Each structure stands twice: as C-alpha cells, then as structure tokens.
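For what it's worth, the numbering used here labels the leading residue of the sequence shown as 7, then goes sequentially. Here the structure is laid out as structure tokens; the discussion comes afterwards.
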Amino acid sequence: MQKKRAGFTLIELLVAVVAASMVSLAALQVYGGYLRLYLHLYGDYQKETAAILEELRRINPYCFGTSLRR
C-alpha cells in the first residue's frame, strides 16, 4: 500500500505566495492613487476655504472677533 501524502508541495506554496503578492500589489496601487487624489482635493479645499475667509475678513474684519485675527 502506498502512503497517502498530506500537505502542500513547494510549488503550490510558491504559487500561492506569488498570487497573494500580486493581489496586495494591486491593492497598494489603488490605495496610492486614492491617497494622491485625496491630498490633491484636500489642498484645493484648503486654498478655497482660506480665500473665502480672507474675503470675509476684508468685508467685515470685526465679525470673526480678535481670537481668529492674525
């Protein structure tokens, strides 16, 4: 009688590691793109908000009180 083999071969393990690496690499690429887009949009939002606040301060410098003035 032949002994039944149990477990995985080295090739099967290597294929699984390569597949997991490819999936994680793709996920990192997608996340990196999302992060770059978020930082770009957040920077634009900060610039627009600062411009609006400066315009409001120019129109009425007393509406924000002394705590927010520079």
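From the three backbone atoms N, C-alpha and C, an ideal C-beta is built for every residue, glycine too. Just so you know, these numbers come straight off a predicted model, no measurement behind them.
Got a sec, what are the start and stop residues for the alpha helix (DSSP H) residue i sits in?
i: Gly13; result: Run containing Gly13: none; DSSP gives neither H nor E here.
Would the C-beta of residue i count as close to the ligand MN, meaning under 7 angstroms from any of its heavy atoms?
i: Ala56; result: Among the ligands in the structure shown, none appear at all, so the ligand MN cannot be discussed.
Who are the Cβ neighbours of residue i in its own chain at under 7 angstroms, not counting the five residues just before and after it?
i: Leu59; result: none
* Asked: Curious, which full-length beta strand (DSSP E) runs of at least 3 residues does the stretch 29-57 contain?
  -> none
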